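Note that our numbering has the sequence shown beginning at 11, numbered continuously upward. The block underneath contains the structure these notes are about, expressed in structure tokens.
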Amino acid sequence: MTTILDGKSLRDKILSELKTKLEKYDKKPTLVVILVGENPASKIYVNNKKKTAESLGINSIVINYPSDVSESELLNKIEELNTNPEVTAILVQLPLPKHINKFNIINAITPSKDVDGFTPENAGKLFIGETPYAYPCTPKGIIKLLEEYNIEISGKHAVIVGRSNIVGKPLSQMLLDKNATVTICHSHTENLSEITKTADILISAVGGKIILENMIKNNAVVIDVGIFKDENGKTRGDVDFEAVASQASYISPVPGGVGPMTIAMLMSNTVELFEKSM
Ligand code: GUN
Numbered sequence: 011m012t013t014i015l016d017g018k019s020l021r022d023k024i025l026s027e028l029k030t031k032l033e034k035y036d037k038k039p040t041l042v043v044i045l046v047g048e049n050p051a052s053k054i055y056v057n058n059k060k061k062t063a064e065s066l067g068i069n070s071i072v073i074n075y076p077s078d079v080s081e082s083e084l085l086n087k088i089e090e091l092n093t094n095p096e097v098t099a100i101l102v103q104l105p106l107p108k109h110i111n112k113f114n115i116i117n118a119i120t121p122s123k124d125v126d127g128f129t130p131e132n133a134g135k136l137f138i139g140e141t142p143y144a145y146p147c148t149p150k151g152i153i154k155l156l157e158e159y160n161i162e163i164s165g166k167h168a169v170i171v172g173r174s175n176i177v178g179k180p181l182s183q184m185l186l187d188k189n190a191t192v193t194i195c196h197s198h199t200e201n202l203s204e205i206t207k208t209a210d211i212l213i214s215a216v217g218g219k220i221i222l223e224n225m226i227k228n229n230a231v232v233i234d235v236g237i238f239k240d241e242n243g244k245t246r247g248d249v250d251f252e253a254v255a256s257q258a259s260y261i262s263p264v265p266g267g268v269g270p271m272t273i274a275m276l277m278s279n280t281v282e283l284f285e286k287s288m
């Protein structure tokens, strides 16, 4: 029997708890999202973030810049937001155009307002086992989803496909903290399927159809972080769901699995930073 990991229901439950929590306060958090350029996927994500924040009574401000904005203009804006006491959370939507050094931009965000947990201070704290101001949203959402379904992490072999700073690397650390044995695979990994077949928990965060039939162990837990449009315009994940689902004990769908959890965790981080700021 395969169980579908329902990220939408869990998102709704978490958002409703956050809404109730915020009703207690006279003040509201303010989340500022910086969006540079016209990346269509980024625009959709940012719009979703804004709509969700507003539904909870969070002040949500999106600042749009053209793709040729200079790095110094972005840095000046971040400095202004860092020092504005009304602003409790700052997010710079990635990817940024190539002429901008993303590290310079991320490093400029004050760690206590870094709602993504991407600054060197927060990433470093995660790495050494100290509590960061915020944990990266997608990995945090994946852990919450596993916990909601009482899926054992301790002692299990977790294989992550993808080594991004947004998902793969922080997730590896968070699973390690929960006593998983962690393997990270990537584009240069040899014999990928030999490794994925040893996973008790397999997480794919690549953005292309890569987890196919016969690449998983029987009864593995499969988490699909990938999301893209296939040649027919259908929204797809990294996992060939039809081929793999029956072999899995638990599997997250796309859409409706990890995506909604990422948004829920962004809201949860926004509320946590707000509470820490008081
Ligand atoms: N682009 C894709 N995912 C993310 C995310 O979690 N945070 C930011 N800032 N940009 C992203």
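C-beta: ideal position from N, C-alpha, C; glycine also. Just so it is clear, the structure is predicted and the values come from calculations on it, not from any experiment.
Suppose the cutoff is 8 Å on Cβ atoms and the five residues either side in sequence are ignored; what does the same chain contact list for residue i look like?
i       : result
Ala-209 : His-167, Ala-168, Val-169, Thr-193, Ile-226, Lys-227, Ala-230
Asn-175 : Phe-128, Ala-133
Arg-21  : Pro-270, Met-271, Ile-273, Ala-274
Gly-266 : Asp-16, Gly-17, Lys-18
Lys-31  : Val-281
By alpha-carbon positions, which one of the options ends up nearest to residue i?
i       : options                            : result
Lys-286 : Glu-200, Lys-38, Asn-49            : Lys-38
Lys-207 : Ser-197, Val-254, Leu-91, Phe-238  : Val-254
Asn-189 : Ile-211, Asn-279, Asn-201          : Ile-211
Ser-122 : Ile-138, Phe-113, Asn-94           : Asn-94
Asn-114 : Thr-272, Met-11, Lys-135, Leu-84   : Leu-84
Ile-237 : Leu-25, Lys-53, Ile-88, Val-264    : Val-264
Glu-48  : Tyr-145, Ile-163, Ser-77, Ile-119  : Ser-77
Ile-141 : Asp-187, His-196, Lys-154          : Here the sequence assigns Thr to residue 141, which means Ile is not the residue at that position. Ranking Asp-187, His-196, Lys-154 by Cα distance to Thr-141 puts Asp-187 first.
Glu-223 : Asp-234, Ser-203, Ile-233, Lys-239 : Ser-203
Gly-139 : Thr-120, Ile-161, Asp-124, Pro-180 : Pro-180
Thr-120 : Lys-87, Phe-137, Glu-162           : Lys-87
Ile-161 : Ser-262, Leu-32, Val-46, Phe-137   : Ser-262
Gly-165 : Thr-191, Lys-59, Leu-32            : Thr-191
Between the C-alpha atoms of residue i and residue j, what's the straight-line distance to the nearest angstrom?
i       : j       : result
Ala-258 : Gly-247 : 16 Å
Pro-270 : Gly-17  : 6 Å
Asn-74  : Ile-44  : 6 Å
Asn-111 : Leu-104 : 11 Å
Val-102 : Asp-126 : 9 Å
Tyr-260 : Pro-107 : 37 Å
Glu-241 : Asp-36  : 49 Å
Val-268 : Ile-24  : 14 Å
Ser-182 : Thr-62  : 28 Å
Pro-130 : Cys-147 : 16 Å
Leu-155 : Ala-99  : 24 Å
Ser-197 : Leu-91  : 37 Å
Leu-15  : Ile-71  : 32 Å
Glu-64  : Asn-279 : 15 Å
Gly-243 : Asp-234 : 18 Å
In its own chain, which residues sit with a C-beta less than 6 Å from the C-beta of residue i, not counting the 5 before and 5 after it?
i       : result
Asn-69  : Lys-38, Thr-40
Thr-199 : none
Leu-28  : Leu-66, Met-277, Val-281
Glu-252 : none
So residue i packs on residue j, CB below 8 Å; how close in whole Å?
i       : j       : result
Val-79  : Val-42  : Not confirmed; about 16 Å, so no contact.
Leu-283 : Tyr-55  : With 8 Å as the limit, Leu-283 and Tyr-55 do not qualify as a contact, their Cβ atoms being about 19 Å apart.
Gly-151 : Met-288 : At roughly 25 Å, the Cβ-Cβ gap does not stay under 8 Å, so Gly-151 and Met-288 are not in contact.
Met-184 : Tyr-145 : 7 Å
Ser-256 : Thr-12  : 6 Å
Glu-89  : Ala-118 : 7 Å
Ile-221 : Val-249 : 4 Å
Near residue i, what residues of its chain come up, given a Cβ to Cβ distance below 7 Å and the 5 sequence neighbours on each side ignored?
i       : result
Gly-178 : Ile-170, Gly-172, Ile-194, Ala-215
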